[in-house]
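Everything on this sheet refers to the single structure shown next.
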Amino acid sequence: MAEEKNNLEIQEVAGMDASSQPAPSEQQQNPEQFLKEFNWHNYEEGIDPIDDGKLDEFERLVEENFVDTLDDEVVEGTVINITDRDAIIDINAKSEGVISLNEFRYNPNLAVGDKVEVLIDVREDATGQLILSHRKARVIKAWDRVNKAHEEGTIVNGFVKCRTKGGMIVDVFGIEAFLPGSQIDVKPIRDYDAYVNKTMEFKVVKINHEFKNVVVSHKALIEADIEEQKKEIIGQLEKGQVLEGVVKNITSYGVFVDLGGVDGLVHITDLSWSRINHPNEIVELDQKLNVVILDFDEAKTRIQLGLKQLNKHPWEALDADLKVGDKVKGKVVVIADYGAFIEVAEGVEGLIHVSEMSWSTHLRSAQDFVNVGDEVEAQILTLDREERKMSLGIKQLTPDPWTDITTKYPVGSRHTGIVRNFTNFGVFVELEEGIDGLIYISDLSWTKKIKHPSEFCNVGDKLDVVVLELDVEGRKLSLGHKQTEENPWDKYEKDFAVGTKHTATIADVVSKGATIEFNEDITAFVPTRHLEKEDGTKLGKGDEAEFVIIEFNKEFKRVVASHMSIHKEEEAKIVTQAAKKAQEENKPTIGDANADLQALKDKMEGKN
-15 MAEEKNNLEI QEVAGMDASS QPAPSEQQQN PEQFLKEFNW HNYEEGIDPI DDGKLDEFER
45 LVEENFVDTL DDEVVEGTVI NITDRDAIID INAKSEGVIS LNEFRYNPNL AVGDKVEVLI
105 DVREDATGQL ILSHRKARVI KAWDRVNKAH EEGTIVNGFV KCRTKGGMIV DVFGIEAFLP
165 GSQIDVKPIR DYDAYVNKTM EFKVVKINHE FKNVVVSHKA LIEADIEEQK KEIIGQLEKG
225 QVLEGVVKNI TSYGVFVDLG GVDGLVHITD LSWSRINHPN EIVELDQKLN VVILDFDEAK
285 TRIQLGLKQL NKHPWEALDA DLKVGDKVKG KVVVIADYGA FIEVAEGVEG LIHVSEMSWS
345 THLRSAQDFV NVGDEVEAQI LTLDREERKM SLGIKQLTPD PWTDITTKYP VGSRHTGIVR
405 NFTNFGVFVE LEEGIDGLIY ISDLSWTKKI KHPSEFCNVG DKLDVVVLEL DVEGRKLSLG
465 HKQTEENPWD KYEKDFAVGT KHTATIADVV SKGATIEFNE DITAFVPTRH LEKEDGTKLG
525 KGDEAEFVII EFNKEFKRVV ASHMSIHKEE EAKIVTQAAK KAQEENKPTI GDANADLQAL
585 KDKMEGKN
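Residues in the sequence shown are numbered consecutively from -15, following our numbering.
In structure tokens:
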């Protein structure tokens, strides 16, 4: 084929008569025939000499008709043959060019006679064949075409190559463009792989020249028609109208329904009169259902739909004979700290406040009594059909424990209760469900000085108590724990009476004196001056000595002792005895008394 192109023949001009030579006018009128018949071989070998005029004419014809293979510009060629692997392209050069069919994957319908753009990749290979590139030509022209398509909004064809994160990769004019998943169709796509290896129509919606990114959309091609359909459909809508639709999408907040070209939203609160956690409890994808038009916005093409409105409101269908005091059964649907909502009929709920769950005045959280999904029985406390409100109670189904409180818990009776909580001034103890009593901090112990109840017991501990006071109207019980035991200070009042003597050890020395411990309950205070020994020195920590009680206060648990009074008392006795003896002997001299006193001191100090 290349030889045929290179072996153009031209009529011999040398040695021919004038009648056999074609007239110049015929060459000009039919240049293609002239070039086709030109004999290159004879010309190159010098067999057929040609005059300068004819040579100039030949060069002019070649310049006008042949492609300059040295130029890198994109040229248009014609497909003249297709093999198993290549396409043969005629670009009107000395020889045809070859392009691999791989470069035409985007165009599976390539046929002989089609016009294609090519770029000369290699002028001639070893066999004199032109190597062309359609891909490179497409790349050169692609951005011009993409920009033009974007500016003019024209539709382009693209080949979906593969799936990628968030969408698809599309070959458009040889450029890899991105097709977002949201721009494939107006409906949610469930199977992206179904679009791979397909040729589709697209619209160029965005170009980033800095990063060479192109974004295309198939959805944009049909949105314009859909918008017109929406306006037409919305123009025919009326509030209260019932239409049939298909569930198109389900979200956590509602359901989108296709009404035949336009979508409407059924909010989760408009799906059912009963409480639901998610719309998929009521509907499923592709389900056909009837909905009612609640509202719509023609400007924004928004349609608000309802499903529950197709049925009568549950409060209107509620048993007319139901009244306050009746017992009802229902399921716990919502729990809050302040109470629980019970569904007594579909779409009809009543509130059980936490205070109506137990007779106990010690309030707790509703979660301590019921759980979501529990079936409970309750009594109707209030019922307002106009406001569609109902309050319920559980504790009313059991007897009020305060009804016979004076019989069960008379003053002075002993019981065992459980510590429920603390206050700064006492402990709340539960004797039974609904019966709580308070132990003041002063009634916890006879002997211990307690600053906070947590020092004495823990929540959940069992305590023995005695009923001290009972207020039936105020529903108050005053309890005591220390009263369960005998008051040890009644006995201590006798054992440690003022003037009694006891031996003890100095436990600690403080700024104004010292402390001594007579037993685990009684810690006495010794003022500094009462620490003085007979020799004038003072007792120190760890010293053991004899003490006399100089003050005992049972109410305030205060005990004061003195060591000094022990030997001062002996001195007083000697003086008294000497005076008495002097009176008897009529010798009331102070000197004798002093002598006896000095003898006593010497004896105590071990002097002879």
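C-beta atoms are modelled at their ideal positions from N, C-alpha and C, and glycine is treated no differently.
1. Is it true that the stretch 343 to 359 meets the stretch 273 to 283, where meeting means three or more beta-carbon pairs spaced less than 8 angstroms apart?
2. Can you grab the Cα-Cα spacing for the pair residue 185 / residue 200, in whole Å?
3. With three or more C-beta pairs closer than 8 angstroms as the rule, is the stretch 120 to 134 touching the stretch 153 to 163?
4. Run the CB neighbour count on residue 413, radius 10 Å, all protein chains shown included, and call it buried at 16 or more, exposed below.
5. Alpha carbon to alpha carbon, what distance is there between residue 520 and residue 425?
6. Hey, how far is the Cα of residue 450 from the Cα of residue 481?
7. Assuming the contact rule is C-beta atoms closer than 8 angstroms, residue 354 and residue 320 should be a hit. Round their C-beta distance to whole Å, please.
8. Let me confirm a value: residue 384 is counted as buried when at least 16 other C-beta atoms fall within 10 Å, else exposed. Which label applies?
9. Bridge partners for residue 164 per DSSP, in chain order?
10. Determine the closest residue to residue 401 out of 419, 394, 395, with distance taken between C-alpha atoms.
11. Which first and last residues belong to the alpha helix (DSSP H) in which residue 479 is found?
12. Quick one: what does DSSP say residue 88 is sitting in, helix, strand or coil?
13. Could you give the DSSP three-state label for residue 46: helix, strand or coil?
14. Where residue 140 and residue 91 are concerned, what is the direct C-alpha to C-alpha distance, given to the nearest angstrom?
15. Just to confirm, is the Cβ distance from residue 399 to residue 415 under 7 angstroms?
16. When the distance is taken between beta carbons, is residue 231 closer than 7 angstroms to residue 263?
17. Tell me whether the stretch 215 to 226 and the stretch 177 to 196 touch, counting them as touching only if at least three CB pairs, one residue from each stretch, are closer than 8 angstroms.
18. If you reduce the DSSP assignment to three classes, tell me which class residue 243 lands in.
19. Measuring straight from C-alpha to C-alpha, what distance separates residue -8 and residue 93?
20. By alpha-carbon positions, which one of 74, 550, 245, 193 ends up nearest to residue 211?
21. Could you tell me whether the stretch 162 to 175 touches the stretch 127 to 141, where touching means 3 or more Cβ pairs closer than 8 angstroms?
22. Tell me, to the nearest whole angstrom, how far the beta carbon of residue 523 is from that of residue 498; I am working on the premise that it is less than 8 angstroms.
23. Excluding five sequence neighbours on each side, which residues of the same chain lie with their C-beta closer than 8 angstroms to the C-beta of residue 102?
24. Short check: CB of residue 494 to CB of residue 525, under 7 angstroms?
25. Closest to residue 329 by C-alpha separation, out of 99, 234, 316, 441, would be which residue?
26. Looking only at C-alpha atoms, which of 410, 191, 64 sits nearest to residue 132?
27. Do residue 528 and residue 489 count as a contact pair if the criterion is CB distance below 7 angstroms?
28. Within the same chain, show all residues whose beta-carbon is closer than 8 angstroms to that of residue 487, passing over the 5 residues directly before and after it, in chain order.
29. Nearest to residue 104 by CA position, among 382, 508, 114, is which residue?
30. Where do the N-terminal and C-terminal ends of the beta strand (DSSP E) with residue 469 fall, by residue?
31. Would the beta-carbon of residue 203 fall within 7 angstroms of that of residue 175?
32. What residue range is occupied by the uninterrupted beta strand (DSSP E) comprising residue 311?
33. Rounded to a whole number of angstroms, what is the C-alpha to C-alpha distance between residue 360 and residue 327?
34. Suppose you measure from the CA of residue 85 to the CA of residue 99; what does that come to, to the nearest Å?
35. In this structure, does DSSP put residue 508 in helix, strand or coil?
36. Have a look at residue 366 and residue 254 and give me their C-alpha separation to the nearest angstrom.
From the atom records:
1. no
2. 10 angstroms
3. yes
4. By the neighbour-count rule (16 or more Cβ atoms within 10 Å), residue 413 is buried.
5. 44 angstroms
6. Looking at the two C-alpha atoms, the distance is approximately 30 angstroms.
7. Rounded, the Cβ-Cβ distance is 11 angstroms, inconsistent with contact.
8. exposed
9. 151
10. 419
11. 472 to 479
12. helix
13. Confidence in residue 46 is poor, its pLDDT being 49 and thus under 50, which makes the residue's placement unreliable; the coordinate value appears in the next sentence. In the structure shown, residue 46 sits in a helix (DSSP, three-state: H, G or I).
14. One alpha carbon belongs to residue 140, the other to residue 91, and they sit about 13 angstroms apart.
15. At the C-beta level, residue 399 and residue 415 come within 7 angstroms of one another.
16. Contact: no.
17. Fewer than three beta-carbon pairs drawn from the stretch 215 to 226 and the stretch 177 to 196 are found closer than 8 angstroms, and the two stretches are therefore not classed as touching.
18. coil
19. Low per-residue confidence applies at residue -8: pLDDT is 38, beneath 50, and the placement is therefore not dependable enough to give any value.
20. 245
21. Contact between the stretch 162 to 175 and the stretch 127 to 141 is absent, because fewer than three Cβ pairs lie under 8 angstroms.
22. 7 angstroms
23. Result list for residue 102: 58, 59, 60, 61, 73, 75, 81, 83, 116, 117, 118, 121, in chain order.
24. no
25. When 99, 234, 316, 441 are compared, the shortest CA-CA separation from residue 329 is found for 316.
26. 191
27. For residue 489 and residue 528, yes; Cβs fall inside 7 angstroms.
28. Excluding positions up to five away in sequence, the list reads 528, 529, 530, 531.
29. 114
30. Taken as a continuous stretch (DSSP letters only), residue 469 belongs to no beta strand (DSSP E), as it is neither H nor E.
31. Not closer than 7 angstroms, so no.
32. 311 to 320
33. 10 angstroms
34. 15 angstroms
35. DSSP, read as helix, strand or coil, puts residue 508 in strand.
36. 27 angstroms
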